[in-house]
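Enquirer:
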Amino acid sequence: SRIGPLSSPTAGVKEENPSVLAENCFRELLGRATYGNMNNAVRPVFAHLDHHRLWDPNEFAVSCFKIIMYSIQAQYSHHVIQEILGHLDVRKRDSPRVRAGIVQVLLEAVAIAAKGSIGPTVLEVFNTLLKHLRISVDFELGDRRSSSESVTLSTSSKDSDERIVQNAIIQTIGFFGSNLPDYQRSEIMMFIMSKVPVLGTSQSLDPSDLGDLGTRRIQIMLLRSLLMVTSGYKATTISNALPSPFLDPLLSPSLMEDSELRQLVLEVLHNLIDRHDNRAKLRGIRIIPDVSDLKIKREKISRQDVSFMKKHGQQLYRHIFLGCKEEDNVQKNFELLFTSLALTTIELANEEVVIDLIRLAIALQDIAIINEDNLPMFNRCGVMALVAAYLNFLSQMIAVPAFCQHVSKVIETRSVEAAYFLPETIFKDKCNLPKSLEKDEKELFFLTNKIAESLGGSGYNVERLSVPYVPQVTDEDRLSRRKSIVDTVSIQVDILSGNSTEDKVDNTEEITFEALKKAIDNNGLEEQEKEKRRLVIEKFQKAPFEEIAAQCETKANLLHDRLAQILELTIRPPPSPSGTMTITAGHAHYHSVPVYEMKFPDLCVY
15 SRIGPLSSPT AGVKEENPSV LAENCFRELL GRATYGNMNN AVRPVFAHLD
65 HHRLWDPNEF AVSCFKIIMY SIQAQYSHHV IQEILGHLDV RKRDSPRVRA
115 GIVQVLLEAV AIAAKGSIGP TVLEVFNTLL KHLRISVDFE LGDRRSSSES
165 VTLSTSSKDS DERIVQNAII QTIGFFGSNL PDYQRSEIMM FIMSKVPVLG
215 TSQSLDPSDL GDLGTRRIQI MLLRSLLMVT SGYKATTISN ALPSPFLDPL
265 LSPSLMEDSE LRQLVLEVLH NLIDRHDNRA KLRGIRIIPD VSDLKIKREK
315 ISRQDVSFMK KHGQQLYRHI FLGCKEEDNV QKNFELLFTS LALTTIELAN
365 EEVVIDLIRL AIALQDIAII NEDNLPMFNR CGVMALVAAY LNFLSQMIAV
415 PAFCQHVSKV IETRSVEAAY FLPETIFKDK CNLPKSLEKD EKELFFLTNK
465 IAESLGGSGY NVERLSVPYV PQVTDEDRLS RRKSIVDTVS IQVDILSGNS
515 TEDKVDNTEE ITFEALKKAI DNNGLEEQEK EKRRLVIEKF QKAPFEEIAA
565 QCETKANLLH DRLAQILELT IRPPPSPSGT MTITAGHAHY HSVPVYEMKF
615 PDLCVY
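Mind the numbering: the sequence shown is residues 15 to 620 in my numbering, read in order.
So this is what it looks like as structure tokens:
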């Protein structure tokens with residue numbers, strides 16, 4: 015309705031602009047929509063966009079859904095997101111650009127609904143997006159197979175289109191995840207990690223029909239998604255950020271077979287370990303002249319973090335150690351490994367962890383010197399440069415003058431006689447590599463005895479420095495396809511030198527007839543126990559209810575009578591106790607309450 019007559023034809027035309035009137039009408043209709051009739055408002059939009067092929071390009075689709083998200087009541091935002099996800103499922107066989115257009119619309123909707131009422135659909139959003147990520151990878155690999163069979167067919171453009179879909183999905187996952195509260199974000203991190211195909215674990219995304227190339231593509235896509243979700247995540251304790259069910263698959267050897275995968279894993283670790291935003295200050299591997307100039311932020315190590323390192327520290331050291339031994343390492347790998355060591359020092363290092371990190375650094379130096387793995391010369395020099403950069407950082411962080419002096423002296427000697435052992439030289443585009451590394455050039459190496467001498471004078475317990483670091487071996491190593499340390503050393507034995515002069519005891523049990531008989535008998539007992547348990551379960555499944563009830567009632571009455579007699583003994587104790595004990599839940603402590611001669615020895619033991 016209009017108030018008053020039109021002042022002029024031009025004004026009337028301006029007021030009746032069809033686009034403006036349509037948008038205002040659309041907004042008003044959406045503002046009045048309720049949960050029950052939200053489908054009536056949204057589904058016609060999908061029909062219009064499909065019929066007129068407006069998903070590619072999708073500018074109009076994006077503007078429509080922006081109007082929808084800003085016009086409806088906030089509590090109904092999740093319903094619109096559910097509808098977009100459902101439509102993505104319906105159009106999953108369409109061209110890559112159509113699917114990418116729908117995902118980009120979903121991203122815009124999620125961006126508007128972020129921090130709002132999207133809770134009920136969190137897992138559904140991620141599950142659907144991960145499913146379509148897998149579908150896109152399947153399409154990409156299927157097109158490659160068909161193109162290899164048919165030489166005349168070119169699929170490079172379709173491959174690039176599928177990459178557009180994959181990037182749009184990853185961007186949506188990252189944006190959605192980064193706007194969730196911390197408790198939900200940790201659940202999503204676990205959810206995404208559970209989808210990554212990892213050797214030796216059961217996965218929802220079964221990689222069996224993907225092949226090596228498909229599995230690698232899925233791993234990279236999911237780790238990129240995980241990297242975006244973990245960006246900006248600040249956990250109060252490291253155990254909240256890296257629980258065992260998340261850490262174990264993340265550090266899996268099967269994620270170390272590719273240089274790019276290792277980089278993504280280290281970047282995810284950096285996101286979770288760096289709780290004081292120090293990573294940007296550590297970017298790039300270099301000899302830092304004065305670490306205090308970086309203005310590193312750190313706090314005292316909490317008791318929970320100390321406990322985490324005692325439980326999982328060896329996993330982190332092992333991952334860094336094995337990561338340095340990979341032949342396909344490039345400069346970025348060494349930079350990320352340096353950052354990992356530095357962040358561990360800042361966030362998680364007490365005196366015990368400092369000693370472990372020094373042992374790890376010396377072990378890395380030995381990798382390059384001894385070269386049992388036949389690494390290329392670039393890798394050996396890269397590892398030496400990594401150790402130099404890290405020990406320079408560590409010595410300044412713990413501020414032990416004698417330690418700093420030893421590290422500085424080695425670095426100065428290298429800068430004159432072996433500059434290729436320093437990061438500023440080895441990672442240049444053109445660096446002259448040595449033909450061999452001489453083991454006798456002690457002045458170029460960081461020496462364990464010198465470090466122990468310098469730290470011992472400052473109160474550090476340096477006995478463990480004399481024990482060479484050897485990474486722990488997991489069962490997964492034995493299943494992994496990659497070259498494993500199982501081939502060389504399988505168990506780390508920490509024997510402190512000088513602690514004992516006793517003869518070593520041979521713990522190998524002699525195999526005799528009696529030992530075999532005992533083992534067979536034990537197996538027989540286990541079988542009997544299994545059979546007993548099976549019979550009990552079968553009885554409760556098949557016996558009449560009345561029979562089971564009667565038997566339970568008889569046992570209950572017997573227990574009632576015996577407990578009554580025990581109570582009577584407690585109230586009127588006989589004169590001569592046989593011992594004293596306190597009975598608590600599941601434990602007995604002999605110290606306070608008299609225990610008397612009773613007629614129920616089995617119940618006394620119980």
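Ideal placement from N, C-alpha and C gives every residue a C-beta, glycine not left out. Remember, predicted model here, so these are calculated numbers, not experimental data.
Under 8 angstroms, do I95 and V139 count as touching if we go by C-beta distance?
Expert: yes
Enquirer: On a CA-only basis, which of I98, L280 and P448 is nearest H349? Give me that one, please.
Expert: In the sequence on display, residue 349 carries Glu and not His. It is L280 whose Cα lies nearest to the Cα of E349.
Enquirer: Which residue wins for smallest C-alpha separation from L46, given the options V243, C78 and Q87?
Expert: Strictly speaking, residue 46 in this sequence is Arg, with Leu absent from that position. Measuring from the Cα of R46, the nearest candidate turns out to be Q87.
Enquirer: Ordered along the chain, which non-local residues of its own chain (more than five positions away) have a Cβ less than 7 angstroms from that of F666?
Expert: Any answer about residue 666 is impossible in this case: the structure gives the chain only from 15 up to 620.
Enquirer: Taking its Cβ as the centre, do 16 or more other Cβ atoms sit within 10 Å of I551, making it buried, or is it exposed?
Expert: exposed
Enquirer: Does DSSP classify P263 as helix, strand or coil?
Expert: helix
Enquirer: Say the cut is 7 angstroms; is the CB of V320 nearer than that to a heavy atom of the ligand SAM?
Expert: As far as ligands go, the structure on display features none, and thus does not contain the ligand SAM.
Enquirer: Please look up how many angstroms separate the CB atoms of V119 and N72, rounded, as I've assumed it's under 8 angstroms.
Expert: Between N72 and V119 the Cβ distance is about 6 angstroms, and since that is below 8 angstroms, they are a contact.
Enquirer: Given V368, which residues of its chain have a CB within under 8 angstroms of its CB, disregarding the five upstream and five downstream residues?
Expert: Hits under 8 angstroms: T359, L408, I412 and Y474.
Enquirer: Count the CB pairs spanning the segment 188–202 and the segment 108–115 that are closer than 8 angstroms, and state whether there are at least three.
Expert: Taking 8 angstroms as the limit for Cβ pairs, the verdict is that the segment 108–115 does not touch the segment 188–202.
Enquirer: Whole angstroms is fine: what's the gap from I562's alpha carbon to F554's?
Expert: 7 angstroms
Enquirer: By Cβ distance below 6 angstroms, which residues in the same chain neighbour N31 in space, the five residues on each side in sequence not counted?
Expert: none
Enquirer: Kindly indicate which three-state DSSP category H66 falls into: helix, strand or coil?
Expert: coil
Enquirer: Suppose the cutoff is 6 angstroms on Cβ atoms and the five residues either side in sequence are ignored; what does the same chain contact list for S222 look like?
Expert: Confidence in S222 is poor, its pLDDT being 49 and thus under 50, which makes the residue's placement too unreliable to answer from.
Enquirer: How many whole angstroms separate the CB atoms of I183 and L240, which I take to be in contact at a CB cut-off of 8 angstroms?
Expert: I183 to L240, Cβ: 13 angstroms. No contact.
Enquirer: Could you tell me whether the segment 268–277 touches the segment 365–379, where touching means 3 or more Cβ pairs closer than 8 angstroms?
Expert: no
Enquirer: Does the structure place the segment 391–400 close enough to the segment 334–345 that three or more beta carbon pairs sit under 8 angstroms?
Expert: The segment 334–345 makes contact with the segment 391–400: 3 or more CB pairs, one atom from each, lie closer than 8 angstroms.
Enquirer: Nearest CA to the CA of C445: which residue from K453, K456, A433 and L451?
Expert: A433
Enquirer: Give the straight-line distance between the Cα atoms of E386 and D380, rounded to the nearest whole angstrom.
Expert: 9 angstroms
Enquirer: Could you tell me the distance, in whole angstroms, from the CA atom of E37 to the CA atom of F79?
Expert: Rounded to whole angstroms, E37 to F79 spans 12 angstroms at the Cα level.
Enquirer: Quick check on the burial criterion: 16 or more other C-beta atoms within 10 angstroms. Buried or exposed for P263?
Expert: Buried, because 16 or more other Cβ atoms sit within 10 Å of the Cβ of P263.
Enquirer: Classify V34 as buried or exposed, calling it buried when 16 or more other Cβ atoms lie within 10 Å of its own Cβ.
Expert: exposed
Enquirer: For the alpha helix (DSSP H) holding I310, just list the boundary residues, first then last.
Expert: Unbroken run through I310: none, as it is neither H nor E.
Enquirer: Compute the distance between the beta-carbons of N2 and Y247, then report whether it is under 8 angstroms.
Expert: Lying before the first or after the last residue shown, residue 2 is absent from the chain, which here runs from 15 to 620.
Enquirer: Where P257 and L43 are concerned, what is the direct C-alpha to C-alpha distance, given to the nearest angstrom?
Expert: 48 angstroms
Enquirer: Starting from P32, trace the alpha helix (DSSP H) both ways and give me its first and last residue.
Expert: From DSSP, the alpha helix (DSSP H) with P32 extends over P32 to G45.
Enquirer: Cutting at 8 angstroms between CB atoms, please list the residues of its own chain near V282, excluding the five before and the five after it.
Expert: Here the set comprises L237, L240, L241, T244 and L264.
Enquirer: Under a Cβ-count criterion, where at least 16 other Cβ atoms within 10 Å of its own Cβ denotes burial, should C566 be classed as buried or exposed?
Expert: exposed
Enquirer: Once DSSP output is grouped into helix, strand and coil, what is the label at F614?
Expert: Caution is warranted here: a pLDDT of 47 is assigned to F614, below 50, making its placement in the model unreliable, and the coordinate value is therefore given only provisionally. It is coil, neither helix nor strand.
Enquirer: Do D443 and E361 have their C-beta atoms within less than 8 angstroms of each other?
Expert: no
Enquirer: How far does the alpha helix (DSSP H) with E279 in it reach, from first residue to last?
Expert: In the sequence on display, residue 279 carries Val and not Glu. For V279, the enclosing alpha helix (DSSP H) begins and ends at S273 to I287.
Enquirer: Which stretch, first to last residue, makes up the alpha helix (DSSP H) that contains L236?
Expert: G225 to T244
Enquirer: In the structure shown, what three-state DSSP assignment does T250 receive?
Expert: coil
Enquirer: Report yes if the C-beta distance between G100 and W69 is below 8 angstroms; otherwise report no.
Expert: no
Enquirer: Beta carbon of L351, beta carbon of I372: below 8 angstroms?
Expert: no
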